[in-house]
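**Student:**
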Amino acid sequence: MKNLKVIFSIGLLALLISCSKKSNPTPDPVKPPIVVPPDPVRTRDVYVAGWDYSNKMYSVATLWKNGTATALTDGTADRAEAYSVYVSGTDVYVAGIDGGKCVIWKNGAPTVLATDLYSSVYSVFVNGTDVYVSGFSHGLATIWKNGVAVRLTSGPEFSRAYAIYVNGGDVYAAGYEYNKEQKCVAMMWKNGIATQLSDGTRQATAKSIAVSGNDVYVAGTENVDPADRDLAGNESSSVIPLPRSIARIWKNGVIANLTTGDKQAVANSVFVNGADVFVAGYEYDGSTSRAILWKNMKPAGLNAPTEGGVRKSSANSVFVHNGDVYVAGNSGVTARTWVNIIDPGSLVLGKGGAVANAVFVKQL
0 MKNLKVIFSI
10 GLLALLISCS
20 KKSNPTPDPV
30 KPPIVVPPDP
40 VRTRDVYVAG
50 WDYSNKMYSV
60 ATLWKNGTAT
70 ALTDGTADRA
80 EAYSVYVSGT
90 DVYVAGIDGG
100 KCVIWKNGAP
110 TVLATDLYSS
120 VYSVFVNGTD
130 VYVSGFSHGL
140 ATIWKNGVAV
150 RLTSGPEFSR
160 AYAIYVNGGD
170 VYAAGYEYNK
180 EQKCVAMMWK
190 NGIATQLSDG
200 TRQATAKSIA
210 VSGNDVYVAG
220 TENVDPADRD
230 LAGNESSSVI
240 PLPRSIARIW
250 KNGVIANLTT
260 GDKQAVANSV
270 FVNGADVFVA
280 GYEYDGSTSR
290 AILWKNMKPA
300 GLNAPTEGGV
310 RKSSANSVFV
320 HNGDVYVAGN
330 SGVTARTWVN
340 IIDPGSLVLG
350 KGGAVANAVF
360 VKQL
């Protein structure tokens, strides 16, 4: 009996060995090669002008290119701020101030336009080989063409030109001029000829201008209460109650209100792209503020409401390039840019006091 068991076991073992030799083991799966996606090809450069503190006591006029900061000033002046940027070919122009000097920087090299006490520059525009800058000098709205100053008003009332735009051979500017009742009157100038946009009964200003075909668009603000002594947005923190205002655009002089006047609302920038009109600004109720972008009169909030009065959240500039909408502004004390109204996709430029005033996009 034992012999039978041994014979049976040996036979079973031989059968198993024979089967294992004939069967083909399953091969290991072939792993696909690891494909590393190529770096995206950059097709445009995004320039932002503003200022940062960069661990210095005073503000530093700053230009960001694709998020990388370049200081235009050394931080020793009491105020150094960049307000506008324009790119023409390979040249980058920035307008701003460095202490008591009004400056245009070309590729980082400064040219002083004015040094008098009551002066500033706000906007730069390049048309061919001509460089235009708007602001004020000796308290009067002024345009500089290739460094030569031309006053838009003769005084004696104070005036400013916040924005400049050149279309063909026509030079447009937008700003304000005080009247004899010490009210700011929103103004537009075309080739030096003034047009009054507001009636002078309330504080008002024009902040930005754009031309599309035969249509001229101006963005600005007018206070609600005729008794207000301060232009909305320019009041000190001690002013109570908060001046309420209406953000609006003028199209060929005709008013279109963006807000109702229940809060303080300011329109800082206008950009026209085909049939679409974009306006950047903010709304503020005295405790919280929100940066706003209006597209064809419809608002979109760019950030959650921010608390406090250290600095209002604001959309300061809008630029459209190949269908993408770029906005430069602030969420409280943080400077940033938004692309296509997406807050999570926004790019933080600086924190703790940085300001983003203007954006310009150039195709490579």
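Heads up, the sequence shown is in numbering that gives the first Met the number 0, so the first residue is 0 and it goes up one at a time.
Every residue, glycine too, gets a C-beta built ideally from N, C-alpha and C.
The structure presented is a predicted model; accordingly, all values stated were derived computationally and were not measured.
Between which two residues does the beta strand (DSSP E) carrying SER313 extend?
**Tutor:** Here residue 313 refers to the residue found at position 314 of the sequence shown. Taken as a continuous stretch (DSSP letters only), the beta strand (DSSP E) holding SER313 covers 313 to 320.
**Student:** Flag this pair as touching only if the stretch 111 to 127 and the stretch 90 to 99 have three or more C-beta atom pairs under 8 Å; answer yes or no.
**Tutor:** Yes: the two stretches touch, three or more of their Cβ pairs being nearer than 8 Å.
**Student:** DSSP three-state call for VAL238: helix, strand or coil?
**Tutor:** Walking along the sequence shown from the start, residue 238 turns up at place 239. Coil.
**Student:** Mapping the DSSP letters down to three states, classify GLY232 as helix, strand or coil.
**Tutor:** Residue numbering aside, residue 232 sits at position 233 when the sequence shown is read from its first letter. Here GLY232 sits in coil by DSSP.
**Student:** On a CA-only basis, which of TYR164, ALA70 and ALA264 is nearest SER397? Give me that one, please.
**Tutor:** Because the chain in this structure spans residues 0 to 363, residue 397 falls outside the shown range and cannot be described.
**Student:** Can you tell which of THR200, ILE163 and SER268 has the C-alpha that lies nearest to the C-alpha of MET187?
**Tutor:** For this step, residue 187 is matched to residue 188 along the sequence shown. That would be ILE163, whose Cα lies nearest to the Cα of MET187.
**Student:** Does the separation of the CB atoms of VAL215 and ASN256 fall below 8 Å?
**Tutor:** Within the sequence shown, the letter at position 216 stands for residue 215. Within the sequence shown, the letter at position 257 stands for residue 256. No, the Cβ-Cβ distance between VAL215 and ASN256 is not below 8 Å.
**Student:** What distance in whole Å lies between the Cβ atoms of SER268 and SER211, which are believed to be in contact at a cut-off of 8 Å?
**Tutor:** On the sequence shown, residue 211 is found 212 positions in, with the first residue counted as 1. On the sequence shown, residue 268 is found 269 positions in, with the first residue counted as 1. 15 Å between Cβ atoms; not a contact.
**Student:** State buried or exposed for ASP90, treating a residue as buried only when at least 16 other CB atoms are found within 10 Å of its CB.
**Tutor:** Counting from one through the sequence shown, the residue named residue 90 turns up at place 91. ASP90 should be labelled exposed.
**Student:** Please identify the residue among VAL319, GLY351, SER330 and ARG247 whose C-alpha is closest to the C-alpha of TYR46.
**Tutor:** Position 47 of the sequence shown, counting from 1, holds the residue named residue 46. For the residues VAL319, GLY351, SER330 and ARG247, the minimum Cα distance to TYR46 belongs to VAL319.
**Student:** Do you know how far the Cα of ARG243 is from the Cα of SER330?
**Tutor:** For the purposes of this step, residue 330 is taken as the residue at position 331 of the sequence shown. For the purposes of this step, residue 243 is taken as the residue at position 244 of the sequence shown. Cα to Cα, SER330 sits roughly 21 Å from ARG243.
**Student:** Tell whether a beta-carbon distance below 8 Å holds between LEU348 and ALA334.
**Tutor:** Within the sequence shown, residue 348 is the residue found at index 349, counting from 1. Within the sequence shown, residue 334 is the residue found at index 335, counting from 1. Contact flag set, yes.
**Student:** For SER197, which residues of its own chain have a beta-carbon under 7 Å away from its beta-carbon, when the five flanking residues on both sides are left out?
**Tutor:** Indexing the sequence shown from 1 puts residue 197 at position 198. Around SER197: VAL184, ALA185, ALA203 and GLU221.
**Student:** Quick one: residues in its chain with C-beta nearer than 7 Å to the C-beta of LYS105, no 5 flanking neighbours on either side, listed in chain order?
**Tutor:** As a position in the sequence shown, residue 105 is number 106, starting the count at 1. The residues are ASP90 and TYR92.
**Student:** Classify GLY168 as buried or exposed, calling it buried when 16 or more other Cβ atoms lie within 10 Å of its own Cβ.
**Tutor:** Mapped onto the sequence shown, residue 168 falls at position 169. Its Cβ having fewer than 16 others within 10 Å, GLY168 is exposed.
**Student:** Only counting the same chain, and skipping five residues up and downstream in sequence, which positions put a Cβ closer than 8 Å to that of LYS20?
**Tutor:** Sequence index remark: in the sequence shown, residue 20 carries index 21 (1-based). Low confidence applies to LYS20: its pLDDT is 44, below 50, so where it sits in the model is not reliable, and the reading given next is rough at best. Closer than 8 Å at Cβ, skipping near neighbours: no residue.
**Student:** Following the continuous beta strand (DSSP E) through ASN256, name the residue where it begins and the one where it ends.
**Tutor:** In the sequence shown, the residue the question calls residue 256 occupies position 257. First-last of the beta strand (DSSP E) with ASN256: 253 to 256.
**Student:** For GLU156, which three-state DSSP category applies?
**Tutor:** Indexing the sequence shown from 1 puts residue 156 at position 157. Coil.
**Student:** Pick helix, strand or coil for THR75, following the three-state DSSP scheme.
**Tutor:** As a position in the sequence shown, residue 75 is number 76, starting the count at 1. Looking at THR75 - three-state DSSP - the assignment turns out to be coil, as it is neither helix nor strand.
**Student:** Under three-state DSSP, which class holds ARG335?
**Tutor:** By one-based count along the sequence shown, residue 335 stands at place 336. Strand, per DSSP.
**Student:** TYR82 and ALA48: beta carbons closer than 8 Å?
**Tutor:** If you number the sequence shown from 1, residue 82 lands on position 83. If you number the sequence shown from 1, residue 48 lands on position 49. Their beta carbons are under 8 Å apart, which means TYR82 touches ALA48 by this criterion.
**Student:** In angstroms, rounded to a whole number, what distance separates the CA positions of ASN295 and VAL170?
**Tutor:** One-based indexing of the sequence shown puts residue 295 at position 296. One-based indexing of the sequence shown puts residue 170 at position 171. If you take the alpha carbons of ASN295 and VAL170, they lie about 25 Å apart.
**Student:** What's the C-alpha gap between LEU62 and THR72?
**Tutor:** Taking the sequence shown and counting its residues from 1, one reaches residue 62 at position 63. Taking the sequence shown and counting its residues from 1, one reaches residue 72 at position 73. Between LEU62 and THR72, the C-alpha separation is close to 10 Å.
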